[in-house]
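For the sequence shown, the numbering used here assigns the number 53 to the initial residue and increments by one for each residue that follows. Every residue, glycine too, gets a C-beta built ideally from N, C-alpha and C.
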Amino acid sequence: MSGELYVRQHEDSIIMDFPLNKPQPQDPHENMDILKAAVGDLPIEDVCYSPAMRILMVRLADTCDRSELITLSPVAEALLKSDSTGKTKGVLVTIKGTSNAQPGYDFYSRLFAPWFGIFEDPVCGSAHTLLAAYWSEKLNKKKLLAYQCSSRGGELELEVRDDGRVNIIGRAQIILQGTLKV
């Protein structure tokens, strides 16, 4: 990710102010190996790519539900072997939310990134710069409520701004504190 990154605390939440990353449409047939490794035989609605983040985004068909996303279990080795080009460093899988459920998430996601040394990012702010751009356009909304379905999981509020940036709002916990001298 490039550009200015700002973070501030607001009450019991953290607001991250990041550049919005609009994904580029991709031909699924050009990415069949990585798609198969990531989502198996689940039906795919859309495939996009972020060159800035080197993330391939896969939107599953609207017939897929949250339970299918949660039970998705790609194998790290298969993902790593599936991209011989080196252009992909993460696979972001997303589905449309359901308006009849509470609290009414606009979409759900998971991010698999064994290329970065972590199989799955529990709650990824930078991935939501791509998801916010995608879902804001698809749903015609500037404010979105998202849930990342990792084992830890996390809820994020997204505010797509007119200046090409997105506010990512979520709760955070301090897990390590210290001083670093460089």
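For Met105, there is no enclosing beta strand (DSSP E), as DSSP marks it with neither H nor E. Along the region 153-229, the beta strand (DSSP E) occurs as fully enclosed runs of 3 or more residues at 159-165, 170-173, 195-200, 206-212 and 217-222, listed in sequence order. Taking all protein chains in view, the Cβ of Tyr160 is crowded by 16 or more other Cβ atoms within 10 Å, so the residue is classified as buried. For the 8 Å CB-CB criterion, Leu131 and Pro166 form a contact.
Using a C-beta cut-off of 8 Å, the region 178-185 makes contact with the region 201-217, since at least three inter-stretch Cβ pairs fall below that distance. Contact check for Arg223 against Pro71 fails: the beta carbons are separated by 8 Å or more.
Linking His180 to Glu82 through their CA atoms gives a straight-line distance of about 24 Å. For the pair Phe164 and Gly142, the CB atoms are nearer than the 8 Å cut-off. Nearest in C-alpha terms to Leu87, of all of Lys233, Met68 and Ser134, is Ser134. Look at Glu97 here: in three-state DSSP terms it is strand. Here the alpha carbon of Ala128 sits roughly 16 Å from the alpha carbon of Ser203. In the structure shown, the three-state DSSP call for Leu132 is helix. Taking the Cα positions, Asn73 is about 20 Å away from Leu112.
Ile122 is not bridged by DSSP to any residue. Distances from the CA of Met84 to each of Ser151, Cys100 and Asp69 were compared; the closest alpha carbon is that of Cys100. Where Asp69 is concerned, there is no enclosing alpha helix (DSSP H), although the beta strand (DSSP E) around it starts and stops at Ser65 to Pro71.
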